[in-house]
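Numbering (full-length UniProt numbering), first residue to last: 1 to 237.
Glycine residues also receive a C-beta, built at the ideal position from the N, C-alpha and C atoms.
Listed below in structure tokens is the structure:
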């Protein structure tokens, strides 16, 4: 259960949301995309309630498990096309699918593949392309690297950084791993038992943590020698 959470994601910025399992991270994300009820408070986009449902909603989510987030019976191209807002002719649709695949560093030839022919990292790239197909203003990424092999996590994180730089995307990046968040996020919010106990620029929060729970999370980061009731999703800055 979330308790008086207030969190802003500014335009073109990535905010990391960290906390242990059960802290409420995924509940917040699911509420933002309309997959969980909001019993009190508001979710705002540019100061207004988030409109629309499904592909019409300007907030889209990329889920943790790339093996279950794509329909195994649909080709990559079909999955991406299903998420598009606009009804396009065949040639225009194929061109848009190719453009979206290029954005996530996949060849257009992958459009004819079923998910079973893709690696975990490739599936997560397709999931990102599918989210982009709806032309969202904000993307919520829920533990999108935690189910991947370590060898491909870095490539997906680099892609996230590239997308923010090249597309000016706003993103809420959810993770239990502060090392990952440190790499991709401009700001970080620490969620503990349904409450945000610390928030600020990533360098500040990680460099001089004020809350004991944040310090505990930081102590778990591998290093040298070791193995209010309103959430504003985007605002003009």
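Secondary structure, beta strand (DSSP E): runs of 3+ residues fully inside the region 143 to 203: The qualifying runs are 170 to 175, 187 to 192 and 195 to 201.
Are there 16 or more other CB atoms within 10 angstroms of the CB of residue 24, so buried, or fewer, so exposed? Numbered from 1 along the chain shown, position 24 holds the residue referred to as residue 24. Under this definition residue 24 is a buried residue.
Quick one: is residue 56 buried, meaning 16 or more other Cβ sit within 10 Å of its Cβ, or exposed? Position 56 of the chain shown, counted from the first residue, corresponds to residue 56. By the neighbour-count rule (16 or more Cβ atoms within 10 Å), residue 56 is not buried but exposed.
Three-state secondary structure (DSSP) at residue 28? Position 28 of the chain shown, counted from the start, is the residue given in the question as residue 28. It is helical.
Going by C-alpha to C-alpha distance, which of 183, 115, 191 and 104 sits closest to residue 7? Walking along the chain shown from the start, residue 7 turns up at place 7. Nearest of 183, 115, 191 and 104 to residue 7, Cα basis: 191.
Determine the burial state of residue 184: buried for a count of at least 16 other Cβ atoms within 10 Å of its Cβ, exposed for fewer. Counting from 1 along the chain shown, the entry for residue 184 is found at position 184. Classification for residue 184: buried.
Beta-carbon proximity of residue 156 to residue 129, cut-off 9 Å: If you number the chain shown from 1, residue 156 lands on position 156. If you number the chain shown from 1, residue 129 lands on position 129. Cβ distance not < 9 Å, so residue 156 and residue 129 don't count as in contact.
Decide if the region 140 to 149 is in contact with the region 83 to 96; the criterion is three or more beta carbon pairs, one per stretch, under 8 Å apart. no
Keeping to the same chain, check which residues put their C-beta closer than 8 Å to that of residue 197; ignore five residues upstream and five downstream. Reading the chain shown from its first residue, position 197 is the one you call residue 197. Counting only Cβ-Cβ distances below 8 Å, and skipping sequence neighbours, we find 190, 191, 211, 213 and 214.
Consult DSSP for residue 205 and reduce its assignment to one of helix, strand or coil. Taking the first residue of the chain shown as position 1, residue 205 is located at position 205. Helix, per DSSP.
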